[in-house]
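Chemist: Quick one: the structure is below, and I'll ask about it shortly.
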Amino acid sequence: MNAFYIVHGRQLMRPAGALILLLLVGSCGDPPKNRFQGYVEGEFVYIASPLAGTLESLHVRRGDQVKAGDPLFALDETPEKAAREQIDAALVLSEVEYARQDKLFRTGVAATQDLDRARSTRDQDKRRLTQTDWSFLQKRQSAPQAGLVYDTLYRKGEWVAAGKPVVALLPPPNIKVRAFVPEMRVGSIHYGDGVRVTVDGVRDPFIGKVSYISPHAEYTPPVIYSRETRDKLVFMVEAVFDPETAAKLHPGQPVDVQFESNS
82 MNAFYIVHGR
92 QLMRPAGALI
102 LLLLVGSCGD
112 PPKNRFQGYV
122 EGEFVYIASP
132 LAGTLESLHV
142 RRGDQVKAGD
152 PLFALDETPE
162 KAAREQIDAA
172 LVLSEVEYAR
182 QDKLFRTGVA
192 ATQDLDRARS
202 TRDQDKRRLT
212 QTDWSFLQKR
222 QSAPQAGLVY
232 DTLYRKGEWV
242 AAGKPVVALL
252 PPPNIKVRAF
262 VPEMRVGSIH
272 YGDGVRVTVD
282 GVRDPFIGKV
292 SYISPHAEYT
302 PPVIYSRETR
312 DKLVFMVEAV
322 FDPETAAKLH
332 PGQPVDVQFE
342 SNS
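Laid out in structure tokens, this is it:
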């Protein structure tokens, strides 16, 4: 009976020893100390009109790539068209009246104040016309720079309040990676240092450089799931990439970040 227990005990020791060996081997394969968890962040450009109106046309869809100057959307211009017709008619009359007062003034019949009044009315009509032309331009919005149409926030036919974004644009230069580095390690990272970002399912790393190091410590944000860094102070470090590389990254994507000192 005792022999059975001894043999059986040896049988139990084999998997236990194997487990210890695996743990030792696993510890040798730990990621480098300068590799940290992070995620992709996008700073969106929200395109809006300062004027209200019904969304008359939407020239883009979510996921489209646009170039600077490409049309994005247009609001209904009916109020501006009616206002312009009235101002055009008023300007014609004020121009005629100014010309008449100017002729009378030159012949000594009209007083100076009459000529000044006619000139002021004409100039006001010209300014109103310029304002209306500006309103027409504001009802039609184009892409201020090249980028991805990340989202469209209204549908054709919906009422858009003044200043409400219609299109969310994501230019490649506005894509960055944020990592959170423990206090003991942030001192070894400098502006301009190289960064290697690895993404699950992508063979080659994305190469960038450090663009920002937060001067203030904070607690690990909840988006980073790591028992080792939980409840510890960390510093946020941001990295940027060339536009072609940045366009391959997606906001919210979890990544691993490795810093490479240039010194």
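Per this note's numbering, residue 82 is the first one in the sequence shown, and the count goes up by one each step. All residues carry an ideal CB built from backbone N, CA and C; glycine is no exception.
1) If you measure between the beta carbons of residue 165 and residue 337, is that distance less than 9 Å?
2) By a C-beta neighbour count over all protein chains shown, 10 Å radius and 16 as the cutoff for buried, is residue 274 buried or exposed?
3) Specify the secondary structure class of residue 117 as computed by DSSP and reduced to three states.
4) In or out: residue 285 buried (at least 16 other Cβ within 10 Å) or exposed?
5) Whole alpha helix (DSSP H) runs in the segment 151-226 with 4 or more residues, listed along the chain?
6) In the DSSP output, which residue or residues are listed as bridge partners for residue 126?
7) Spatial neighbours of residue 237 within its chain, please: C-beta separation below 8 Å, excluding the five flanking residues on both sides.
8) Going straight from the alpha carbon of residue 264 to that of residue 315, what length do you get?
9) Please state the DSSP three-state secondary structure of residue 137.
10) My assumption, with CB atoms under 8 Å, is that residue 203 sits in contact with residue 175. Please give the rounded CB distance.
11) Measuring straight from C-alpha to C-alpha, what distance separates residue 247 and residue 154?
12) What residue from 172, 196, 206 and 261 has the CA that sits closest to residue 181's CA?
Modeler: Let me lay it out:
1) For the pair residue 165 and residue 337, the CB atoms are not nearer than the 9 Å cut-off.
2) By the neighbour-count definition (other C-beta atoms within 10 Å, threshold 16), residue 274 is a buried residue.
3) Annotated three-state conformation of residue 117 is strand, per DSSP.
4) That one is exposed.
5) Qualifying alpha helix (DSSP H) stretches, in chain order: 159-187 and 193-219.
6) In the DSSP output, where bridge partners are listed per residue, residue 126 has 250.
7) So the qualifying residues of the chain are 136, 137, 138 and 139.
8) Taking C-alpha positions only, residue 264 is separated from residue 315 by approximately 5 Å.
9) In this structure, residue 137 counts as strand in the three-state DSSP scheme.
10) With a Cβ gap of about 4 Å, residue 203 and residue 175 count as contacting.
11) Spanning the two alpha carbons is a distance of roughly 8 Å.
12) The candidate whose alpha carbon is nearest that of residue 181 is 196.
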